[in-house]
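Chains as they are written, first to last, in my numbering: chain W, 202 to 607; chain H, 202 to 607.
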């Protein structure tokens, strides 16, 4: 039995980073950037109006509000080189985003301008200071500046940066393919009524949902019975994926064939027991560039093993520089107790109370209790050597990926 | 100009909840549940082994470890009704998840059992207490118990619960369709080199990414020039979607045609100015069952308007019972200052430091600065009447949906 830390080290050490690929910008959200992105030009590329209004020479208004003759209109998209200089006593009607003409050094917002009483072609402008409501060239970004780096997560804001830099297509980390196989003679598909002694396959759909949300494309291999030949055939198919997720068949029962079948298929077993609760019989292996995470059959165990280990495998494959689970510190809402010997990953509800992250460990009937997982949004981590923790003590908390949705 | 709260109220009041639909379980992750889910049977449905080992009568071991004759093997999936009672002095080899035979009341784990020295058909079992390593019928869930309710977010754990309850298909909230239209003569697609005075469309790809991540199916309507007829045609197409997201054309410039075109298309304008910074010219409208969110053209403004308003529209459409943005309380890392009059939504980096949520407002060059958005993972909200806040003061913080990814 090895520690969670050592197991993660072995597992990630055996996990390849997938080859980078080119993705169109429209498909880049959620991926990992695999190139450096530099600004290809100053942003803005010219002195730009930040408000709709009138481009002026601020010196003309140094004495206060004054009528200026409106000599032209400058829509956004105008070529700045085509603009004649603005002469003293004149203004140019200008749109947000349009270039200021030479000589102009400020914008009077339309709200601070009014038709001049004197002249139908003039406008009365309130006083402005030099530089008001205009951005100098390069105010947002200087040409050549590094805006994004390899390993950056691509969210919507990064998509905007990439678009602004002209990246209609870009280099991203690969998208892992995950295959999910549930094992066990007792399982029936969720749509069937289980005969006495049998139960519905909940691990398969759950692992598919977890892997999909973690960014993988998923293949459902269904249910394999506890029959070595059929299990082997299903696992052989699963090894075509980057990550084969198996549930069940890893305990010490007479019909737990997963470990033996992995060996038989030529896979290298990385470990077969981890000092974690729930999830001790978690078995990991690799064959070629494929990784296998074989989770215990109890749903809450599979859930925890995915959150702690399998997600890290998928993230590493996709090119995340820090793929492992990242705990934050928070406070226990109530005392916690566990049997020392294995690190406990307890279903919990984390909340921010007056700016403090507080977690309440949820009551559970055991490692088959997936209802507790559905009530939680986090895992409280108690190290293997710990037996008790008092209310209010600081603990490690793993916030789960959908914690903001629950 | 109306407050953010009033704008949200008007906007959500005008937003219809989409008709519910039936989704297969494999497509339910990320959706909103639209039915109550009760357990259709006890879980487990029978007295179940929690470990691989030997089902025993604990009274046989009351005096300590003892040899028991192994009379049968009980794999998972065995019909409990088919099991003969376990007689005194005997044990049944049993797998995790298999039913205990009548008479057995505990499981001796395989790790605590050894072949008997005396008899090749017997096993030496360590002492156990009644109930050890076995779950009584209904231990996890009682038949009829309500496990999930309408409005629940469907994450992977809920998928497992749904599978366990036999929901191969289920009723979920509708999936909104969002159309995205960028407007402006100055815009060119991201793949093109902008002529002088022009710039690349970054709002369109950004809004598509935001809407997609918020659960919508998205349609890209590209760029409409500041030409009333072509803008009208593009907006008419966009109104076929549940939510039309527009960027640009809502300021007070001579070529800001979006408001007028919305009226011309028969849309009801809900509001045209919101006391928010950035994003004041945010315009919202509805026509029939379609909602329009027309965001200012500056990327950081569009980003904020989406996070505060458009996401709430999509969530309401999808059936979320609390669709609006939910702020948490945290602490300012450094003093903050704003011009009072509009609520400030400041790009920020939120971090948990020793269990306390702390946010640092990021430097920005203004509302066109989407690079600041990419550096952030949260928005610090300063109410409209506030001018300054000291370091360490408590503030509202909106954690953005991808805050755990950055």
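Backbone N, C-alpha and C fix where the C-beta goes; we use that ideal spot for every residue, glycine too.
* Asked: Would DSSP call residue 543 of chain W helix, strand or coil?
  -> Residue numbering aside, residue 543 of chain W sits at position 342 when the first chain is read from its first letter. Reduced to three states, the DSSP call for residue 543 of chain W is coil.
* Assigned exposure category for residue 265 of chain H - 16 Cβ within 10 Å defines buried -> One-based indexing of the second chain puts residue 265 of chain H at position 64. Residue 265 of chain H should be labelled exposed.
* **Three-state class that DSSP yields for residue 566 of chain H in the structure shown** => Position 365 of the second chain, counted from the first residue, corresponds to residue 566 of chain H. For residue 566 of chain H, the three-state secondary structure derived from DSSP is coil.
* To do: Quick one: which residues of the segment 486-511 of chain H get their C-beta closer than 7 Å to a C-beta of chain W? List them in chain order.
  => Per Cβ criterion, the list reads 498, 500, 504.
* **Spatial distance of residue 388 of chain W from residue 441 of chain H (CA atoms)** => Numbered from its first residue, the first chain carries residue 388 of chain W at position 187. Numbered from its first residue, the second chain carries residue 441 of chain H at position 240. So the two alpha carbons sit approximately 45 Å from each other.
* Using the C-alpha atoms, what's the distance from residue 223 of chain W back to residue 336 of chain W? -> Within the first chain, the letter at position 135 stands for residue 336 of chain W. Within the first chain, the letter at position 22 stands for residue 223 of chain W. Take the alpha-carbon of residue 336 of chain W and the one of residue 223 of chain W: they are about 34 Å apart.
* From the beta carbon of residue 556 of chain H, is the nearest beta carbon of chain W less than 7 Å away? -> Translated into positions along the second chain, residue 556 of chain H becomes position 355. Closer than 7 Å to some Cβ of chain W, the Cβ of residue 556 of chain H qualifies, so yes.
* Listed from N- to C-terminal order along the chain, which residues in the segment 433-454 of chain H have their beta-carbon within a distance smaller than 9 Å of any beta-carbon of chain W? -> Sequence-ordered contacts of the segment 433-454 of chain H with chain W read 449, 452, 453, 454 [C-beta pairs closer than 9 Å].
* Taking C-alpha atoms, which residue in H:384, H:242, H:429 lies nearest to residue 347 of chain H? -> Translated into the one-based positions of the second chain, residue 347 of chain H becomes position 146. Per the Cα distances, H:242.
* **Chain-ordered residues of the segment 511-541 of chain W with a beta carbon less than 7 Å from chain H** => From the segment 511-541 of chain W, only 529, 530, 531, 532 have a Cβ closer than 7 Å to chain H.
* Asked: Which whole-angstrom value is the C-beta distance of residue 307 of chain H and residue 333 of chain H, which I expect to be below 8 Å?
  -> Here the question's residue 307 of chain H lines up with position 106 in the second chain. Here the question's residue 333 of chain H lines up with position 132 in the second chain. Between the beta-carbon of residue 307 of chain H and that of residue 333 of chain H there is about 4 Å, and that keeps the pair under the 8 Å contact cut.
* Would the beta-carbon of residue 487 of chain W fall within 7 Å of that of residue 235 of chain W? -> As a first step, residue 487 of chain W is located in the first chain; it is residue number 286 there, counting from the start. As a first step, residue 235 of chain W is located in the first chain; it is residue number 34 there, counting from the start. Contact: no.
* To do: Could you spell out the range, first to last residue, of the alpha helix (DSSP H) harbouring residue 465 of chain H?
  => Here the question's residue 465 of chain H lines up with position 264 in the second chain. Segment 459-465, the alpha helix (DSSP H) holding residue 465 of chain H.
* Would you check if the distance between the CB atom of residue 373 of chain H and the CB atom of residue 409 of chain H is smaller than 7 Å? => Translated into positions along the second chain, residue 373 of chain H becomes position 172. Translated into positions along the second chain, residue 409 of chain H becomes position 208. By the CB criterion at 7 Å, residue 373 of chain H and residue 409 of chain H fall outside the cutoff.
* Asked: With 16 other CB atoms within 10 Å as the buried threshold, where does residue 270 of chain H fall?
  -> Taking the first residue of the second chain as position 1, residue 270 of chain H is located at position 69. Residue 270 of chain H should be labelled exposed.
* When DSSP labels each residue in this structure, what does residue 550 of chain W get in the three-state scheme? -> Position 349 of the first chain, counted from the first residue, corresponds to residue 550 of chain W. In the structure shown, residue 550 of chain W adopts extended strand secondary structure according to DSSP, grouped into three states.
* How about residue 279 of chain H: is its C-beta nearer than 7 Å to some C-beta of chain W? -> Taking the second chain and counting its residues from 1, one reaches residue 279 of chain H at position 78. Answer yes: the Cβ-Cβ gap between residue 279 of chain H and chain W drops below 7 Å somewhere.
* How about residue 356 of chain H: is its C-beta nearer than 7 Å to some C-beta of chain W? -> Position 155 of the second chain, counted from the first residue, corresponds to residue 356 of chain H. It does; some Cβ of chain W falls within 7 Å.
* **Residues in the segment 253-265 of chain H having any Cβ partner in chain W nearer than 7 Å** => Of all residues in the segment 253-265 of chain H, those with a C-beta nearer than 7 Å to a C-beta of chain W are 253, reading in chain order.
* State the start and end residues of the unbroken beta strand (DSSP E) segment that holds residue 434 of chain W. => Within the first chain, numbered from 1, the residue matching residue 434 of chain W stands at position 233. Per DSSP, residue 434 of chain W lies in no beta strand (DSSP E); the unbroken alpha helix (DSSP H) holding it starts and ends at 429-439.
* Short CB-CB distance (under 7 Å) between residue 319 of chain H and chain W -> On the second chain, position 118 is the one that residue 319 of chain H refers to. No - not a single Cβ of chain W is within 7 Å of the one on residue 319 of chain H.
* Asked: Going by other Cβ atoms of all chains shown within 10 Å of its Cβ, with 16 needed for buried, is residue 554 of chain H buried or exposed?
  -> For this step, residue 554 of chain H is matched to residue 353 along the second chain. Under this definition residue 554 of chain H is an exposed residue.
* Asked: Can you find a CB in chain W that lies within less than 7 Å of the CB of residue 369 of chain H?
  -> For the purposes of this step, residue 369 of chain H is taken as residue 168 along the second chain, with counting starting at 1. Judged by the 7 Å Cβ criterion, residue 369 of chain H is in contact with chain W.
* In terms of residues, what are the limits of the beta strand (DSSP E) holding residue 225 of chain W? -> Here residue 225 of chain W corresponds to residue number 24 of the first chain, with the count starting at 1. Following the DSSP letters along the chain, one finds residue 225 of chain W inside the beta strand (DSSP E) bounded by residues 222-225.
* Asked: How would you call residue 393 of chain H, buried or exposed, if buried means at least 16 neighbouring beta carbons within 10 angstroms?
  -> Here residue 393 of chain H corresponds to residue number 192 of the second chain, with the count starting at 1. With fewer than 16 other Cβ atoms within 10 Å, it is exposed.
* Asked: For residue 452 of chain W, does the three-state DSSP call read helix, strand or coil?
  -> Indexing the first chain from 1 puts residue 452 of chain W at position 251. If DSSP states are grouped into helix, strand and coil, residue 452 of chain W belongs with coil.
* Reduced DSSP category for residue 515 of chain H - H, G, I as helix; E, B as strand; rest coil -> In the second chain, the residue the question calls residue 515 of chain H occupies position 314. Correct three-state label for residue 515 of chain H: helix.
* Could you check which residue in W:475, W:573, W:512 has the C-alpha nearest to that of residue 413 of chain W? => On the first chain, residue 413 of chain W is found 212 positions in, with the first residue counted as 1. When only C-alpha atoms are compared, the closest one is W:512.
* Taking Cβ-Cβ distances shorter than 8 Å, what residues in chain H pair up with residue 274 of chain W? -> Mapped onto the first chain, residue 274 of chain W falls at position 73. Within 8 Å Cβ-Cβ: 455.
* Asked: Which residue comes first and which comes last in the alpha helix (DSSP H) that contains residue 363 of chain W?
  -> Here residue 363 of chain W is taken as the residue at index 162 of the first chain, counted from 1. Run containing residue 363 of chain W: 357-365, per the alpha helix (DSSP H) assignment.
* Could you give the distance in angstroms between the alpha-carbon of residue 581 of chain W and the alpha-carbon of residue 469 of chain H? -> What you label residue 581 of chain W is simply residue 380 of the first chain in a count that begins at 1. What you label residue 469 of chain H is simply residue 268 of the second chain in a count that begins at 1. Per the coordinates, the alpha-carbon of residue 581 of chain W lies some 49 Å from the alpha-carbon of residue 469 of chain H.
* Taking the alpha-carbon positions, what's the residue 395 of chain H to residue 445 of chain W distance? -> Here residue 395 of chain H refers to the residue found at position 194 of the second chain. Here residue 445 of chain W refers to the residue found at position 244 of the first chain. Distance between the alpha carbons of residue 395 of chain H and residue 445 of chain W: 46 Å.
* Please classify residue 484 of chain H: is it buried, with 16 or more other beta-carbons within 10 angstroms of its beta-carbon, or exposed? => In the second chain, counting from the first residue as 1, residue 484 of chain H sits at position 283. Burial call: buried.
* Given a threshold of 16 other Cβ atoms within 10 Å of its Cβ, counted over all protein chains shown, does residue 545 of chain W qualify as buried or as exposed? -> Locating residue 545 of chain W in the first chain gives position 344, where the first residue counts as 1. Looking at its Cβ environment, which holds 16 or more other Cβ atoms inside 10 Å, residue 545 of chain W is buried.
* Asked: Does the beta carbon of residue 202 of chain W sit closer than 7 Å to a beta carbon anywhere in chain H?
  -> For this step, residue 202 of chain W is matched to residue 1 along the first chain. Taking 7 Å as the CB threshold, residue 202 of chain W stays off the interface with chain H.
* **Residues that residue 354 of chain W bridges to, as DSSP identifies them** => Along the first chain, read from residue 1 onward, the residue named residue 354 of chain W stands at position 153. According to DSSP, residue 354 of chain W bridges with W:233.
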